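Taking it in order: structure first as structure tokens, then the write-up.
Now the structure itself:
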């Protein structure tokens with residue numbers, strides 16, 4: 001931020017805003033220093049008992065509230081927005097939030113800003129405000145002090161005993177007031193530029209455009225998946241069906257012997273390939289999802305699940321293909337995982353649309369203990385859901401039950 005000074009600044013609110021900014025920053029620095037010393041002392045003293053570990057973690061996160069206060073104070077001297085840019089955690093809950101924050105570079109920049117404010121900037125701000133107010137005030141008050149005491153010790157440097165000298169010092173104080181006002185504007189502007197450098201996240205316009213372009217890419221990807229599914233369904237699958245029927249007819253017409261046995265094996269193999277192709281088409285983009293929507297597609301998954309699944313998913317209409325596809329594949333992955341690993345006797349898929357969000361919950365009565373760590377399908381699903389601004393939350397204590405919830409902000413399209 002470039003600090004520009006003009007002759008009208010003295011009669012505007014700019015020096016007052018600069019003084020307010022420096023004062024707020026200075027007081028924030030004092031509070032931050034006290035909080036940091038308290039957390040560090042208590043955390044170190046209690047670390048042996050493990051009670052101090054949360055306090056030390058709190059010290060690492062101290063920059064979050066300090067940075068929020070810094071962004072708020074920044075508006076006093078710089079009206080441009082300074083968004084934080086923290087990314088939302090992939091899952092709901094305290095632990096995902098902590099791991100997300102502690103692995104973000106912005107969190108550590110905010111901690112650096114907090115420590116810089118506590119040790120350097122805060123005391124400097126208070127010193128600047130104090131000098132900018134006290135020195136001109138002492139000079140301007142010289143005539144009043146001379147009338148009251150008969151002698152004025154100006155800044156404890158020289159003594160003023162005459163009225164001409166007192167009024168001269170008063171005029172000097174008015175000049176010092178103007179200089180100090182400009183000085184506060186310069187210091188506040190420089191600190192605001194440093195604050196923006198440390199705390200400002202990506203430009204909101206750029207983030208919005210990136211989000212829109214990402215959604216457009218997802219829509220294009222879903223459209224391409226649908227095209228591939230249609231080509232396989234209307235092309236390769238139909239030809240494979242015809243081939244299977246021809247092999248079946250040839251098998252019936254063939255006389256008993258080696259030829260009939262070979263035709264039988266070829267017919268069985270063609271039927272198996274046809275089944276695999278249908279599963280492949282369903283995995284790429286299930287036709288029932290395109291034709292009938294999410295509830296019907298989830299019901300189809302439940303019918304094919306080896307674990308009995310109850311489905312309660314009333315929706316007001318259709319959603320965009322990207323939204324329906326993301327929710328569908330979450331359910332698909334969840335039902336596949338619970339059939340393989342959970343030991344569940346029954347599962348339930350429920351949800352609905354409320355408050356502008358599509359919510360789908362997958363609940364099972366299995367053994368629990370599921371984790372969303374690296375290398376699991378849930379991480380890939382969380383990434384897929386995050387593309388459409390959604391979130392996954394997983395609750396799976398040992399002994400069960402396991403509840404996987406997906407929430408996606410959206411609006412019905414039909």
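In the UniProt record's numbering, the protein residues as written are 1 to 414.
Ideal Cβ positions, reconstructed from N, Cα and C, are used throughout, including at glycine.
Quantities reported herein were computed from a predicted structural model and do not represent experimental measurements.
Whole-Å CB distance - residue 39 paired with residue 55, under 8 Å assumed: Stepping through the chain shown from its first residue, residue 39 is reached at position 39. Stepping through the chain shown from its first residue, residue 55 is reached at position 55. Rounded, the Cβ-Cβ distance is 5 Å, consistent with contact.
So residue 142 is in the alpha helix (DSSP H); what residue range does that whole segment cover? Numbered from its first residue, the chain shown carries residue 142 at position 142. Taken as a continuous stretch (DSSP letters only), the alpha helix (DSSP H) holding residue 142 covers 142-149.
So for residue 403, helix, strand or coil by DSSP? In the chain shown, counting from the first residue as 1, residue 403 sits at position 403. Correct three-state label for residue 403: strand.
Mind checking which residues open and close the beta strand (DSSP E) that includes residue 312? Position 312 of the chain shown holds residue 312. Counting along the chain, the beta strand (DSSP E) containing residue 312 begins and ends at 309-312.
Find the nearest neighbour of residue 327 within the set 182, 169, 410, judged by alpha-carbon distance. Within the chain shown, numbered from 1, the residue matching residue 327 stands at position 327. For the residues 182, 169, 410, the minimum Cα distance to residue 327 belongs to 410.
In angstroms, rounded to a whole number, what distance separates the CA positions of residue 274 and residue 89? Position 274 of the chain shown, counting from 1, holds the residue named residue 274. Position 89 of the chain shown, counting from 1, holds the residue named residue 89. Using only the alpha carbons, I get a separation of about 42 Å.
Using the rule of at least 16 other Cβ atoms within 10 Å of the residue's Cβ for burial, across every protein chain shown, is residue 238 buried or exposed? Taking the first residue of the chain shown as 1, we reach residue 238 at position 238. So residue 238 counts as exposed.
Measuring alpha carbon to alpha carbon, tell me which of 356, 354, 353, 347 ends up nearest residue 403. Within the chain shown, numbered from 1, the residue matching residue 403 stands at position 403. Ranking 356, 354, 353, 347 by Cα distance to residue 403 puts 347 first.
Across which residues does DSSP place residue 182 in a beta bridge pair? Stepping through the chain shown from its first residue, residue 182 is reached at position 182. DSSP, once it has assigned bridges, lists no residue as partnering residue 182.
Among the residues of its own chain, which have a CB less than 8 Å from the CB of residue 172, if the five just before and after it don't count? The residue labelled residue 172 in the question sits at position 172 within the chain shown. Correct list, in chain order: 139.
State yes or no: is the C-beta of residue 366 within less than 8 Å of the C-beta of residue 344? The sequence position of residue 366 within the chain shown is 366, counting from 1. The sequence position of residue 344 within the chain shown is 344, counting from 1. Yes.
As assigned by DSSP and simplified to three states, the class of residue 350: Taking the chain shown and counting its residues from 1, one reaches residue 350 at position 350. Strand at residue 350.
With a Cβ-Cβ cutoff of 8 Å, do residue 119 and residue 188 count as a contact? The count along the chain shown starts at 1 and reaches residue 119 at position 119. The count along the chain shown starts at 1 and reaches residue 188 at position 188. No, the Cβ-Cβ distance between residue 119 and residue 188 is not below 8 Å.
Is the region 61-73 close to the region 102-122, with three or more CB pairs under 8 Å? yes
Which residue spans inside the region 52-84 form an unbroken alpha helix (DSSP H) run of at least 4? 52-60, 63-74
For the region 290-302 against the region 382-393, do three or more pairs of beta-carbon atoms, one drawn from each stretch, fall closer than 8 Å, so that the two count as touching? no
To the nearest angstrom, how far is it from the Cα of residue 16 to the Cα of residue 179? Position 16 of the chain shown, counted from the start, is the residue given in the question as residue 16. Position 179 of the chain shown, counted from the start, is the residue given in the question as residue 179. Looking at the two C-alpha atoms, the distance is approximately 14 Å.
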